[in-house]
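Asks: Under the working numbering, the first residue of the sequence shown carries the number -1, and numbering increases by one thereafter.
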Amino acid sequence: MYLIEVKRNGKYIYDGAVALAVQVYAQKNLFLGEDMVFPYLTEPLVQVGRYQNAREEANLEYMKENGINLVRRDTGGGTIYLDMGGVNFCFVSDNTSASADINFDQMYAPAIEILKELGLKNVEKSGRNDLHVDGKKVSGGAMNVVNGRTYSGYSLLLDIDEEKMEKSLKPNKKKMESKGIKSVRSRVSALRNHLDEEYKNLSSIEFAELMILKIFGAADRSEVKTYELTDEDWAGIDQLMAEKYSNWEWTFGKSPRFKYSRDGRFSIGTLDITLDVDDGIIQHAKIYGDFFGNQEIRTVEEVLEGVRLKEEDLLSALSSIDLSHYLGSITKEEIVKLILE
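Structure (structure tokens):
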């Protein structure tokens, strides 16, 4: 088993998008003859599942105001909030003989054993891909199989910034109601609360280091087999970043077709904008309201159609016409804010 860390020129990179690119690059290009383990920590980040609608799952306005990035991973599952309080591990294995359910059990088995050693006596796998302690989630996992290789991983919630987590995520209310859950905050718990006293003051980096040693059954780092990413590897990783993980089309264009409305009250009256969006692009726009305009509002609707649901693109499109002829004193910035809030 090889350890592969997100390090470049000897320095750790705490960017969850780069960590994803490293893992996917390795899955497709590195064949070391043994399993690979990828630990990583990240600055605040919201990670959506491959098949999720990012705009419906994440509070993009709050995230922008607070410098929280968004990335879409290659595996399915739900949306998670990550920051330096979480310790994350991903694995690439050539063993695909087991079913997905059995693989989740196999993936979590070492983690459960280690966490019990550290004091979490009641930790257990819950549902398909979570770990719970006393009924609260302390870890979530994901997995897929590509070209005969299993790519899996989980996040261990050592500490939780409850406010940022709750404000960044927009959980499915029907799903939560069906499980009797009142809020995101009420269904998760920090691992630190359950650790034995000797481990309670560990930093995230120290906790990650402890997990690495236990996963490898090593007394110190000299016993951990490590692969260091080469310049050639980083060239491929940089390409993946450009094509996917820092690319708008991958992050938002993967969103399924959806229709939604936004309404607001302005000095000229009410404004209701309904959009039909597919692959992150506005297919049809309809504007309603009790405002007075000098020209047909259909012109504004047509300007919005075919535009990506992205602030810069929307502002650019609306700049092509004189909005005062249609919506009086309402500015393009106000319209874009209404659309994206």
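Ideal Cβ positions, reconstructed from N, Cα and C, are used throughout, including at glycine. All figures in this text were calculated on a predicted structure; none of them were measured in a lab.
At the level of alpha carbons, what is the spacing between L273 and D72?
Replies: Roughly 27 Å between the two C-alpha positions.
Asks: Restricting to Cα atoms, I'd like to know which of L307, W248, R147 is closest to V90.
Replies: If we check each option's Cα against that of V90, R147 comes out closest.
Asks: State yes or no: is the C-beta of T224 nearer than 7 Å to some heavy atom of the ligand NAD?
Replies: Among the components modelled here there is no ligand, and therefore nothing to report on the ligand NAD.
Asks: Express the C-alpha separation of I110 and V121 in angstroms, rounding to a whole number.
Replies: Spanning the two alpha carbons is a distance of roughly 7 Å.
Asks: Please state whether the Cβ-Cβ distance between L227 and I2 is less than 8 Å.
Replies: Yes. Within cutoff.
Asks: Determine the closest residue to S314 out of L302, L325, I328, Y324, with distance taken between C-alpha atoms.
Replies: Measuring from the Cα of S314, the nearest candidate turns out to be L302.
Asks: From what residue to what residue does the beta strand (DSSP E) around A283 run?
Replies: Start and end: 279 to 287.
Asks: Take K135 and list the residues in its own chain whose beta-carbon comes closer than 8 Å to its own, dropping the five residues that flank it on each side.
Replies: So the list reads S124, D128, L129, L155, R185, V186, S187, once near-sequence residues are dropped.
Asks: Between D92 and the rest of its own chain, which residues show a CB-CB distance below 8 Å, the 5 nearest in sequence each way excluded?
Replies: Here the set comprises D33, G146, R147, T148.
Asks: Where does K119 land, buried or exposed, given buried means 16+ other C-beta within 10 angstroms?
Replies: Counting Cβ neighbours within 10 Å, K119 comes out exposed, since fewer than 16 surround it.
Asks: Rounded to whole angstroms, how far is the Cβ of S137 from the Cβ of S153, which I believe are closer than 8 Å?
Replies: Indeed they touch by this definition, with Cβ atoms about 6 Å apart.
Asks: Look at the Cβ atom of I280, then the Cβ atom of G304, and state whether they are nearer than 8 Å.
Replies: Contact: yes.
Asks: Please report how far the alpha carbon of A24 lies from the alpha carbon of E230, in whole angstroms.
Replies: Rounded to whole angstroms, A24 to E230 spans 12 Å at the Cα level.
Asks: Bridge partners for F214 per DSSP, in chain order?
Replies: Bridge partners of F214: none, in fact.
Asks: Would you call the segment 4 to 23 in contact with the segment 214 to 221, where contact means no fewer than 3 C-beta pairs closer than 8 Å?
Replies: No, they do not touch.
Asks: Please name the residue in F205, I266, L211, I285 whose C-alpha comes closest to that of M(-1).
Replies: Minimum Cα distance to M(-1) is reached at L211.
Asks: Of all the beta strand (DSSP E) runs that stay within the bounds of the segment 248 to 275, which reach a length of 3 or more residues?
Replies: Complete beta strand (DSSP E) runs here, min 3: 256 to 264.
Asks: Taking the CB atoms as reference points, tell me whether R260 and L336 lie closer together than 8 Å.
Replies: In this structure, L336 lies closer than 8 Å to R260 by Cβ.
Asks: Which partner residues does K135 have in the DSSP bridge list?
Replies: Paired residues: H130, V186.
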